[in-house]
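Protein chains in written order, with the numbering used here: chain A, 29 to 353; chain B, 25 to 221. Accompanying notes for the structure given below.
Structural data, given as C-alpha cells:
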C-alpha cells in the first residue's frame with residue numbers, strides 16, 4: 029500500500045473544502061482498503077467522511093431519504109424501510125456478510141468498484157484499471173461477466189445488490205460538490221455503460237460527495253421480491269439477481285418494476301418487460317412471457333451462455349415470489 | 025629478480041587495486057539506493073492513534089496505512105485476532121467495533137479513535153470463559169482453531185442480535201466466517217446452546 033496522509037473531516041463543509049490535491053474519501057472502507065492493499069487505488073490523501081455525512085433514514089414529504097453514511101445493516105433493519113420499501117432491505121440482506129454490512133455505507137455501496145477478477149489482477153490488462161491496456165475478460169475467464177450493454181472495452185458487471193433495488197424503485201442520488209454547489213442524479217443515469225471510458229463507473233462529478241439517496245413513496249411494498257443466484261448459498265457476488273415489484277389491483281398488474289444485477293456494467297432495468305406486464309393478469313404464463321421478452325436481447329460471452337436460461341428463470345421466480353405472500 | 029616474483033608483485037597490486045575499488049563501492053551504492061528510494065518510494069506517514077481496546081486505552085505513533093488487525097497483532101500484542109486472507113473474505117479477523125461485528129483487516133486504525141473495540145481477549149471474565157467460548161469447547165466448534173476467534177466474535181454478535189431462530193438464520197448470519205476444517209455443525213450447535221440459555 030502506498031503511504032498516504034490521513035485527514036478526518038468533522039463536517040461536510042470541511043470535507044468539501046478545496047485541498048492542494050484531491051483527496052480520496054473513505055467511509056466504510058470495505059472496498060477502498062482492499063483496493064489500496066492491491067495498489068489499484070493509490071491515493072496520496074485519504075479523507076475520513078464518517079462524521080461529515082448524515083447516517084439516518086428520514087421520512088420526507090415525498091418518500092424517504094437515506095443518509096449516505098447510514099450503514100447497510102442499519103438500513104436493512106430500519107422500521108420505515110421494512111414497512112414501506114422492503115425491496116431495499118431484501119436486496120441489502122442478500123449482499124456481503126454481516127460484518128461487511130455493519131461497516132459499509134450506503135454511499136460507498138453505490139460507488140463500489142467491479143469485482144471482475146482482471147480488475148483485481150494487476151499483472152493483466154484491464155481498461156477499467158489502466159485505460160487503453162485492453163480487456164482480458166473479453167476472451168478470457170468471463171463466466172461472471174456481462175451479457176448486455178457491454179462492448180469490447182469492458183465486460184465487467186456492477187457488483188451491488190442494493191443498487192439493483194434502488195434502480196427498480198427509481199431513486200435519486202443527492203451530492204454536494206462545494207459548499208454552494210450540489211446536485212441530484214436520477215438513479216438510472218447514475219451508473220454508466222463502458223462506452224469509450226470504461227474507467228468511469230458513474231456520472232458523479234469529480235470530487236463530489238454523495239450526501240443521501242432518496243426514494244419516492246411508491247405502491248410496491250406489498251408485492252416485491254429479490255432473487256439472487258450465486259455460486260454458494262450466501263456471501264458471494266451475484267451470477268444473476270432480479271429485483272421485481274408489482275402494483276396489483278386484484279389479479280391485474282397496474283404497474284411493474286424489474287431490474288437485474290450480474291448482467292451489465294450498471295444495474296439493468298427491463299423496461300420492455302415492465303411495459304408488457306402493465307394491465308396483464310398476474311399469472312405464471314404472463315410472467316414467463318415477460319421473462320422471455322427480457323432475455324431476448326442478451327448476448328452472452330464465451331463462458332456465460334448459462335446466464336440466458338438462469339436469467340429467464342430468475343425473473344419468473346422473482347415475479348412469482350411477488351405474489352406469494 | 026625472477027619472472028615469478030615480478031608476476032606476483034603485479035598480481036598483488038592488481039588484486040589490491042580491485043579490492044580497494046570494491047571497498048569504495050558499497051557506500052556509493054547504498055547512498056544511490058537511498059536517494060533512489062527517496063525519489064521513487066513515498067516515505068511513510070506517521071500519525072498519532074488513540075484507541076480503546078477491551079476497555080484499555082492504547083496510544084501509538086503509527087503508520088497511516090496500519091489496519092486495525094495489524095495494530096492489534098503487532099502493536100498491542102493481542103494476537104488472538106487472526107489474519108486469514110487480509111482481504112475481507114474469510115472473517116478470521118472479526119472483532120467488535122462499538123458492539124457490532126466488523127472486519128479488522130479492512131478497517132484503518134486511523135479511523136478508530138473514539139470507538140470501543142472488543143477482541144477475543146476481551147470476552148472472558150478473568151479466568152471464567154465467555155459462555156460462547158465454553159460452548160465452542162463443549163460442542164466441538166473447531167478443529168485447527170485458526171478461524172475460531174473470528175467465529176466466536178461473530179457467534180456472540182449472532183446471539184446478541186437474536187438471529188438464532190433457525191439453523192438457516194444462524195448460517196446466514198455466520199456466512200462471513202469460513203472454516204476450512206468444516207466445523208460448521210459444531211459452530212451452529214454452540215450458538216444454539218448459548219441462545220437457549
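Note that beta-carbon positions come from the ideal geometry of N, C-alpha and C, so glycine has one too.
Residue i vs residue j beta-carbon contact at 8 Å
i                     : j                     : result
residue 283 (chain A) : residue 315 (chain A) : no
residue 93 (chain A)  : residue 86 (chain A)  : yes
residue 95 (chain B)  : residue 88 (chain B)  : no
residue 30 (chain A)  : residue 70 (chain A)  : yes
residue 134 (chain B) : residue 81 (chain B)  : no
residue 165 (chain A) : residue 198 (chain A) : no
residue 183 (chain A) : residue 291 (chain A) : no
residue 95 (chain A)  : residue 115 (chain A) : no
residue 132 (chain A) : residue 171 (chain A) : no
residue 117 (chain A) : residue 196 (chain A) : no
residue 156 (chain B) : residue 192 (chain B) : no
residue 203 (chain B) : residue 171 (chain B) : yes
residue 294 (chain A) : residue 220 (chain A) : yes
residue 273 (chain B) : residue 165 (chain B) : Nothing in the structure corresponds to residue 273 (chain B), since chain B is present only between 25 and 221.
residue 124 (chain A) : residue 255 (chain A) : no
residue 162 (chain B) : residue 78 (chain B)  : no
Residue i - DSSP class collapsed to helix/strand/coil
i                     : result
residue 57 (chain B)  : helix
residue 239 (chain A) : strand
residue 154 (chain A) : strand
residue 25 (chain B)  : With a pLDDT of 48 at residue 25 (chain B), under the threshold of 50, the modelled position of that residue is not reliable, and the figure given next carries that caveat. Three-state DSSP puts residue 25 (chain B) in coil, outside helix and strand.
residue 211 (chain B) : helix
residue 125 (chain A) : coil
residue 254 (chain A) : strand
residue 53 (chain A)  : strand
residue 202 (chain A) : strand
residue 77 (chain A)  : coil
residue 33 (chain B)  : helix
residue 91 (chain B)  : strand
residue 149 (chain B) : strand
residue 92 (chain A)  : strand
residue 191 (chain A) : helix
Run of the beta strand (DSSP E) containing residue i, from where it starts to where it stops
i                     : result
residue 283 (chain A) : 280 to 289
residue 84 (chain B)  : 80 to 87
residue 124 (chain B) : 124 to 127
residue 214 (chain A) : 210 to 214
residue 140 (chain B) : 140 to 142
residue 274 (chain A) : 268 to 277
residue 73 (chain B)  : 70 to 77
Strand pairing of residue i, partner residues [DSSP]
i                     : result
residue 110 (chain B) : Answer is none; residue 110 (chain B) lacks a bridge partner.
residue 52 (chain B)  : Per DSSP, none; premise fails for residue 52 (chain B).
residue 184 (chain A) : Note: residue 184 (chain A) sits in no beta bridge, so no partner.
residue 219 (chain A) : A:230
residue 179 (chain A) : A:182
residue 35 (chain A)  : A:75
residue 309 (chain A) : A:280
First through last residue of the alpha helix (DSSP H) which encompasses residue i
i                     : result
residue 316 (chain A) : 312 to 323
residue 335 (chain A) : 334 to 351
residue 175 (chain B) : 172 to 184
residue 7 (chain A)   : One cannot answer for residue 7 (chain A) here, as it falls past the ends of chain A, which runs 29 to 353.
residue 117 (chain B) : Taken as a continuous stretch (DSSP letters only), residue 117 (chain B) belongs to no alpha helix (DSSP H), as it is neither H nor E.
residue 100 (chain A) : 100 to 104
residue 195 (chain B) : 191 to 197
residue 86 (chain A)  : Per DSSP, residue 86 (chain A) belongs to no alpha helix (DSSP H); it is in the beta strand (DSSP E), 85 to 87.
Amino acids of chain D, ordered along the chain, whose beta-carbon sits closer than 7 Å to that of residue i
i                     : result
residue 196 (chain B) : Note that chain D does not occur in the displayed structure, where the protein chains are A and B.
Below 9 Å between beta carbons is the criterion; list the residues of the segment 73 to 104 of chain B that meet it against any residue of chain A, in chain order. Residues of the segment 73 to 104 of chain B whose Cβ lies closer than 9 Å to any Cβ of chain A, in chain order: 87, 88, 89 and 91.
Taking beta-carbon pairs under 9 Å, can you tell me which members of the segment 59 to 74 of chain B lie near chain A? Within the segment 59 to 74 of chain B, the qualifying residues are 65, 66, 67, 68, 69 and 71.
With 9 Å as the C-beta to C-beta threshold (strictly closer), list the residues of the segment 45 to 62 of chain A near chain B in chain order. So the close ones are 54, 56, 57, 58, 59, 60, 61 and 62.
Output needed in chain order: residues of the segment 114 to 127 of chain B with a Cβ under 7 Å from some Cβ in chain A. Here the close residues are 115, 118, 124, 125, 126 and 127.
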